[in-house]
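Some notes on the structure that comes next.
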Amino acid sequence: MRERIFSGAQPTGQLHIGNYLGALKNWVELQDDYESIFCIVNLHAITLPQDPASLRKATLDLARIYLAAGVDPAKSTIFIQSDVPQHAELAWTLSCIARMGELERMTQFKDKGKGNTERAGVGLFTYPILMASDILLYQTDLVPVGQDQKQHLELTRDLAERFNRDYGETFKVPEPYIPKAGASIKSLQDPEKKMSKSDENANGSIFLLDDPDTITKKIKRAVTDSGTDITFDETRPAITNLLTIFQLLTGKTGEECVAHFEGKGYGHFKTELAEVTVEFLKPFQARVKEYDEESLKAILSAGAEKARQIAAETLRSVYKQMGIN
Ligand code: ATP
Ligand code: LTN
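For my numbering, count along the sequence shown from 1 and bump the result up by 1.
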């Protein structure tokens with residue numbers, strides 16, 4: 002039996018090149034070697050207020066993006082989280098196992114709750130439990146995510162181990178899969194911050210659906226560090242970030258990239274990075290438009306059907322172990 006991977010993204014805001022390089026690109030690479038399940042986590046999206054019509058549209062659009070990125074429905078299961086009711090059910094169960102203290106340590110809650118915990122939604126606080134349910138329902142071996150999700154993966158492992166200890170062996174304890182390069186693509190406007198969908202400054206992110214002009218302008222305006230060499234250098238995070246994007250989009254090694262730009266300046270480098278990005282996104286954007294709603298819904302409903310079978314079996318054993326039903 003092949004090992005299983007599970008991952009997901011939220012249908013909120015626009016996906017950016019960081020989401021692609023940190024997550025989706027790896028999903029596509031791993032789907033040949035693993036039994037793969039990819040979820041559109043719409044129940045996670047409502048941890049912050051959403052406009053209902055926009056959320057519905059964003060959910061289908063995200064499925065288009067998965068497919069355009071190369072997730073192949075013939076190899077992988079793709080589904081919408083809310084089509085499998087066991088996610089919310091297991092989340093309740095695990096919320097009875099999780100502890101306030103461990104959730105309070107989650108840095109994403111501190112960031113997204115903007116320090117005002119009195120006003121923050123309870124769902125935003127308990128959201129990592131829903132994420133743990135997503136993963137544990139499928140007896141997942143490996144979870145390909147960006148660096149920002151590492152802490153949530155550790156919580157998932159802790160919850161699985163605690164449940165197994167207290168109620169008997171039930172869950173597989175998953176491992177994170179965080180890429181060496183691209184795990185945290187930084188904002189083009191502030192290399193100390195990760196590129197983020199929720200950044201108010203759109204110039205910090207290259208969105209997967211940006212047009213060529215916008216991409217070129219954003220790259221030209223990207224902040225740079227002092228010094229002139231185009232090299233990977235921890236003390237110069239801006240150029241390191243841009244060069245990482247170049248490396249991952251071209252598939253060259255780090256050494257090849259550095260050699261390629263030896264003796265060249267920022268101007269030259271940015272022009273080439275803009276060209277590479279535009280050329281990479283062009284066919285991707287064409288593929289996004291390929292899927293009509295009907296074929297999309299057929300893929301998602303077949304995916305949900307498969308997912309429900311696995312999820313139902315796990316939830317059944319969870320309940321049995323706990324003395325429910
Ligand atoms: P954001 O923080 O940008 O609002 P998110 O992390 O909430 O986005 P999702 O769409 O749910 O957004 O994330 C999908 C995947 O993209 C996750 O695996 C996440 O770790 C990864 N990811 C998000 N931002 C980056 C980044 N800047 N660099 C690398 N990977 C990232
Ligand atoms: N929390 C993640 C999205 C997410 C996820 C998951 C990723 C929800 N459930 C399960 C991997 C596995 C995020 O906000 N980026």
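For glycine and all other residues, C-beta sits at the position ideal for the given N, C-alpha and C. What you are looking at is a predicted structure, and each value in this text was computed from that prediction instead of being measured.
DSSP three-state assignment for residue i, whether helix, strand or coil
i, result
"R237", "coil"
"V85", "coil"
"V386", "Only positions 2 to 326 of the chain appear in this structure, which leaves residue 386 out of reach."
"T78", "strand"
"F247", "helix"
"F126", "helix"
"D307", "Note that residue 307 is Lys in the sequence shown, not Asp. Helix, per DSSP."
"K321", "helix"
"K195", "strand"
"K151", "helix"
"K173", "coil"
"K181", "coil"
"K187", "strand"
"Y67", "helix"
"T48", "coil"
"A121", "coil"
"I231", "coil"
"D167", "helix"
"D200", "coil"
"D34", "coil"
"N326", "coil"
"G252", "coil"
"M2", "coil"
"G23", "helix"
Run of the beta strand (DSSP E) containing residue i, from where it starts to where it stops
i, result
"A10", "5–10"
"V144", "143–145"
"G178", "For clarity, residue 178 is Tyr in the given sequence; the question names Gly instead. Per DSSP, Y178 belongs to the beta strand (DSSP E) from 176–178."
Buried or exposed (CB count within 10 angstroms, at least 16 for buried), residue i
i, result
"G304", "buried"
"R100", "exposed"
"N117", "exposed"
"N43", "buried"
"N242", "buried"
"P12", "buried"
"T141", "buried"
"R166", "exposed"
"C258", "buried"
"H269", "exposed"
"P86", "exposed"
"P129", "buried"
"C40", "buried"
"R158", "buried"
"Q310", "exposed"
"D290", "This sequence places Lys at residue 290; Asp is not what is there. Exposed: under 16 other Cβ atoms inside 10 Å."
"T60", "buried"
"D214", "exposed"
"R120", "exposed"
Residues that DSSP places opposite residue i in a beta bridge
i, result
"F39", "S8, I79"
"F208", "H17"
Start and end residues, alpha helix (DSSP H) containing residue i
i, result
"V224", "Unbroken run through V224: none, as it is neither H nor E."
"N27", "26–31"
"G255", "255–261"
Beta strand (DSSP E) runs wholly inside the region 87–111, at least 3 long, in chain order
none
Fully enclosed by the region 266–301, which beta strand (DSSP E) runs are 3 residues long or longer?
none
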